[in-house]
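So the structure is just underneath, and the comments pick up after that.
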Amino acid sequence: MTIYLIDDDSLGNYLTEALLRLENFASQICTYESAEDALAALLRAPTPPRVIFLDLNMPVMSGWDFLDALAPHRHRLLGQCQIYILTSSLALSDMEKARTYDLVSGLIHKPIDREEIRAIQAELTLENR
Amino acid sequence: MDAREAAPDGANTGVRPEALVYLNPQGEIVHGNEAFAALTGHAPAALQGQALVQLVDPTDAEAVLPQLQRGLRGESLTCEVRLRTAAGSSERFALTMFPLHPTAEAGTGVLLRPVEATARAAAAVQEREKRLSIIFQTIADVIFVLQVEGPGQYRFQFVNQAFTRVTGLEAAQVVGNTVADVIPEPSLSLVLDHYQQALQTGQPVHWVETSDYPSGRVVGEVSVTPVLDAAGRYSQIVGVVHDVTERQQIEHALRDSSERFRYALKATTDALYDWDVAADTLFWGEGFEELFGHQLAQNPTPFSQWSAHVHPDDVARTVDDLRYTALHTTRTRWQQEYRFERADGRWATVFDRGYLLRDEAGRAVRMIGAMQDVSERKEAEQRQQQLAQELFQHNADLQQFTYLVSHNLRAPLANATGFAGLLDRLQPGSAEFGQTLQHLHTSLRRVDEILRDLNTILSVRGRALLTEPEPVPLAEVLREVTDLLAEDLASSGGEIRDELPAGLRVLGRKAYFHSIFYNLLSNAIKYRSAERALLVTVRAEPPAEGWVTIHVADNGAGFDASRARPDAFQLYQRLHAGVPGRGIGLFLVKAHTESMGGRVAVASNVGQGTTFTLQFRSPAA
């Protein structure tokens with residue numbers, strides 16, 4: 004299973020990756036510090052990643068911009084790729100906005116913890132059946 | 003004719019002579035004059051020696067005889083008697099008998115007057131008196147007659163009804179009383195003086211008098227005329243009072259009202275006008291020159307005195323609309339707000355309201371209106387609107403600020419929490435443990451940095467109002483900053499070209515300009531292009547309209563301004579991926595610039611470079 008971590012904060016990426024590895028979340032974790040790079044990789048890949056952890060607040064291309072850029076590829080991604088917004092923002096407005104994207108499976112406040120990782124794993128197992 | 007006849011005949015005086023007969027002590031007619039002959043028809047000669055009693059109508063004889071005898075005895079008396087005339091008729095006469103000598107020895111004189119004539123005369127007098135009385139009583143003016151009794155002593159002899167009406171005093175209360183009893187002080191002294199003057203000069207005296215009577219306050223035009231008696235003394239005064247109370251009240255009311263109007267005109271600061279539509283001229287009140295400074299060579303002026311000074315952009319809805327309203331509608335009211343040029347070329351905001359007078363056919367004849375200078379109010383309104391907008395913006399900024407700070411503060415804190423939790427699950431002494439500990443420190447340092455940023459930002463916002471701006475020599479500040487960045491510049495191979503005029507000063511705070519140049523130039527170094535050596539040019543435009551414009555232009559990497567939302571100066575806005583940055587530099591540039599009353603804008607093209615344009619107030623020359 005391949006997953007993407009997209010966050011301009013390298014420390015954030017390091018932390019999330021370490022936590023995921025401790026839970027044996029994925030065989031391959033690709034980290035991107037720029038949403039543009041992640042988008043390019045995603046469009047190049049023959050199959051999309053199973054899960055994307057997406058930061059919102061990034062320069063040049065924000066998390067929202069990334070989601071908007073995925074809109075044309077929605078059909079290819081729905082059911083194949085779960086996108087979780089991973090943000091330090093506590094703003095309600097971000098939660099509301101996240102609900103308007105059907106590609107977004109959930110919004111997680113940083114730092115992600117063990118329970119949250121396990122919940123996602125459980126969800127993935129259910130879907131794979 | 004004998005001497006005795008001369009006076010009563012009065013031939014020389016032209017007065018009609020009385021009819022006279024003289025009787026001897028026996029009552030026989032001695033002589034009758036011409037008038038007697040004319041009255042009775044008897045020739046005097048024919049009657050001579052005849053007793054008067056024989057002429058008495060027999061039906062009267064018995065009643066009259068005793069009187070005649072008394073008269074013959076020397077008593078003076080008058081009686082009525084019918085006498086036979088020569089024509090045979092009998093006519094009634096009043097006989098006045100008087101002795102020619104106290105003892106009656108010399109005979110008796112008899113004066114005859116036809117009774118009908120006497121009665122007629124009396125009736126005529128009565129009639130005349132009646133008419134006069136009607137006039138006196140119905141005339142609106144007060145008429146009174148005073149008897150002069152001595153110095154300062156005057157008694158009312160007559161007053162008419164108008165006297166009662168005007169003064170409220172009944173004739174009975176007045177007639178027979180002295181002036182001092184009737185007229186109150188201080189009027190009394192005044193009228194006594196005037197009466198005295200009339201008596202001394204023999205001429206009418208006029209004055210205006212205000213007196214308080216039971217009927218109220220009375221203002222009258224008084225005229226008194228002294229009247230001579232038979233003895234040549236001024237024994238009477240006739241007075242006439244024309245009541246002008248009402249007229250004076252009306253005059254006062256009119257004067258007050260026009261005075262109020264005049265003061266109202268003075269009090270108003272509006273420019274009043276009167277547009278004669280047919281002549282197309284405007285008559286201006288004094289406000290026009292005062293308000294707008296235009297000197298009127300004539301008044302009324304042509305219509306263009308107004309229309310030529312209306313702002314060109316407002317002409318259609320003002321001048322054209324007024325003409326249309328006047329000529330093509332039946333409306334009577336017109337109002338508009340527009341800009342009007344003052345004599346010194348500045349624009350006043352005017353609120354103009356007028357009333358159109360139309361003739362029976364509905365054609366506009368005149369318009370009366372007022373131009374009110376509402377510039378100050380308008381400016382205050384605009385300032386208030388601007389203030390409200392600024393406050394709104396400030397509030398929105400603060401909300402955004404709070405959001406950003408909480409977000410950016412939370413990011414490193416969330417990391418720190420995560421790393422601390424991770425440490426728990428790692429083997430102490432392992433490489434991963436060491437790395438995580440390192441990251442925990444880094445995250446906590448980031449928290450500290452953000453808090454320092456916060457302090458800096460708040461100090462800019464708070465301190466801006468506290469200090470008076472001073473002229474700051476920009477070239478000098480730029481040199482200091484360039485020196486500070488010399489090492490970074492040298493290592494990147496960049497160049498800063500200082501094209502600021504040596505003496506250029508702008509109003510502000512030196513520390514802020516230092517911060518502005520430092521942030522702009524260090525950004526230019528940080529985001530330089532990898533493809534060419536960095537060149538930053540700092541230059542100024544010549545001051546224009548009180549503003550100094552400064553450009554800081556580089557040939558660096560540039561950024562896509564359309565990606566910067568809401569703008570490049572937003573706090574924690576980062577415009578470059580791959581190059582670390584906190585997103586506070588441009589925020590501070592803007593905050594410092596605006597706190598000194600300046601403004602900043604940016605233009606950038608990816609791959610070509612970025613130009614910042616700053617504008618500041620230039621110090622007054």
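From first to last, the protein sequence lines stand for chains A and B. Under the numbering used here, the first residue of the first sequence is numbered 4, with each subsequent residue one higher. Under the numbering used here, the first residue of the second sequence is numbered 3, with each subsequent residue one higher. The C-beta atom is built at its ideal place from N, Cα and C for all residues, glycine as well. Computed from a predicted structure; not experimentally measured.
Sorted by chain position, which residues of the same chain lie with C-beta nearer than 6 Å to residue i's C-beta, five sequence neighbours on each side aside?
| i | result |
| --- | --- |
| A:M98 | L110 |
| B:G431 | none |
| B:N417 | S445 |
| A:L70 | Y104 |
| B:V243 | V144, G222 and V224 |
| B:L102 | A108, G109 and G111 |
| B:V184 | V176 |
| A:L93 | none |
| A:Y35 | I9 and A41 |
| B:P216 | G170 |
| B:G583 | R576 |
Taking the beta strand (DSSP E) that residue i belongs to, which residues open and close that run?
| i | result |
| --- | --- |
| A:L48 | Correcting the residue identity first, residue 48 of chain A is Ala in this sequence and not Leu. Note, A:A48: premise wrong, no beta strand (DSSP E); not H, not E. |
| A:L110 | V107 to H112 |
| B:Q238 | Y236 to D245 |
| B:L79 | L79 to R86 |
| B:R499 | E497 to E501 |
| B:E472 | E472 to P475 |
| B:P2 | The requested residue 2 of chain B does not occur in the structure, where chain B is confined to residues 3 to 623. |
| B:L192 | Premise fails: B:L192 lies in the alpha helix (DSSP H), S189 to T203, not in any beta strand (DSSP E). |
| B:V23 | A21 to L25 |
| B:R619 | G611 to R619 |
| A:I88 | Q85 to T90 |
| B:H553 | W549 to D556 |
| B:S564 | Neither: B:S564 is in no beta strand (DSSP E) and is coded neither H nor E. |
Per DSSP, what are the beta-bridge partners of residue i in this structure?
| i | result |
| --- | --- |
| B:G218 | B:Y215 |
| B:Q139 | Looking at the DSSP assignment, B:Q139 forms no beta bridge with any residue, so it has no partner. |
| A:H76 | DSSP lists no partner for A:H76. |
| B:P228 | B:I239 |
| B:G371 | B:Y275 and B:G356 |
| B:Y520 | Bridge partners of B:Y520: none, in fact. |
Could you give the C-beta distance for residue i and residue j, rounded to a whole number, given that I count them as a contact under 8 Å?
| i | j | result |
| --- | --- | --- |
| B:F589 | B:Q617 | B:F589 to B:Q617, Cβ: 18 Å. No contact. |
| B:E339 | B:T351 | 7 Å |
| B:I2 | B:G496 | Because chain B here runs from 3 to 623, residue 2 of chain B falls outside it and cannot be looked at. |
| A:L106 | A:L81 | 7 Å |
| A:A38 | A:G66 | 7 Å |
| B:A345 | B:F294 | 6 Å |
| B:D316 | B:R341 | 6 Å |
| B:S620 | B:V554 | B:S620 to B:V554, Cβ: 18 Å. No contact. |
| B:L487 | B:S524 | 6 Å |
| B:A563 | B:S606 | 5 Å |
Going by beta carbon distance, what residues of the same chain come within less than 7 Å of residue i, once the five residues before and after it are set aside?
| i | result |
| --- | --- |
| B:E291 | Q297 and L298 |
| B:G371 | Y275, D354, R355, G356 and Y357 |
| B:K512 | V474 and V479 |
| B:E501 | T539, V540 and R541 |
| B:G12 | Interpretation of B:G12 is limited by its pLDDT of 40, a score under 50 that renders its predicted location unreliable; the figure taken from the coordinates is listed afterwards. P19. |
| B:P228 | A200, L201, G204, Y236 and I239 |
| B:G558 | A526, Y529, R530, S531, L536, G611 and T612 |
| B:G548 | R619 and S620 |
| B:F403 | L573 |
Within its chain, find whatever has a CB closer than 8 Å to the CB of residue i; leave out the 5 residues flanking it on each side and keep chain order.
| i | result |
| --- | --- |
| B:T15 | Only weak support is given to the placement of B:T15: the predicted model assigns it a pLDDT of 49, under 50, and the value that follows is read from those uncertain coordinates. Same-chain partners within the cutoff: there are none. |
| B:A9 | For B:A9, the predicted model reports a pLDDT of 44, less than 50, meaning its position is unreliable; a value from the coordinates is still stated below. Within the same chain, B:A9 has no close Cβ partners at all. |
| B:V376 | E339, T351, V352 and F353 |
Is residue i near the ligand ZN, going by C-beta to nearest heavy atom under 6 Å?
| i | result |
| --- | --- |
| A:L89 | Of ligands this structure carries none, so the ligand ZN is not represented either. |
What residue range does the alpha helix (DSSP H) around residue i cover?
| i | result |
| --- | --- |
| B:A546 | Segment L537 to A546 is the beta strand (DSSP E) holding B:A546; no alpha helix (DSSP H) there. |
| B:Q307 | S306 to S309 |
| B:S377 | S377 to D426 |
| B:R157 | Looking at the DSSP string, B:R157 is not in any alpha helix (DSSP H); the run it does join, the beta strand (DSSP E), is Q155 to V161. |
| B:Y326 | D323 to H330 |
| B:A492 | A488 to S494 |
| A:R102 | L95 to R102 |
TODO: Using a Cβ-Cβ cut-off of less than 8 Å, give me the residues of the segment 21-54 of chain A that come near chain B, in sequence order.
DONE: A21, L22, L25, E36, S37 and E39
Task: Selection of the segment 91-115 of chain A by Cβ proximity to chain B, strictly under 8 Å - done: S91, S92, L93, A94, H112, K113, P114 and I115
Task: Residues from the segment 63-85 of chain A in contact with chain B, defined by Cβ distance under 7 Å - done: V63
Task: Contacting positions in the segment 425-444 of chain B - beta carbon closer than 9 Å to chain A - done: R427, L428, E434, Q437, T438, H441 and T444
Task: Residues of the segment 390-409 of chain B whose Cβ lies closer than 8 Å to any Cβ of chain A, in chain order - done: Y405, S408 and H409
Task: Near-chain A residues of the segment 520-544 of chain B - C-beta to any C-beta below 7 Å - done: none
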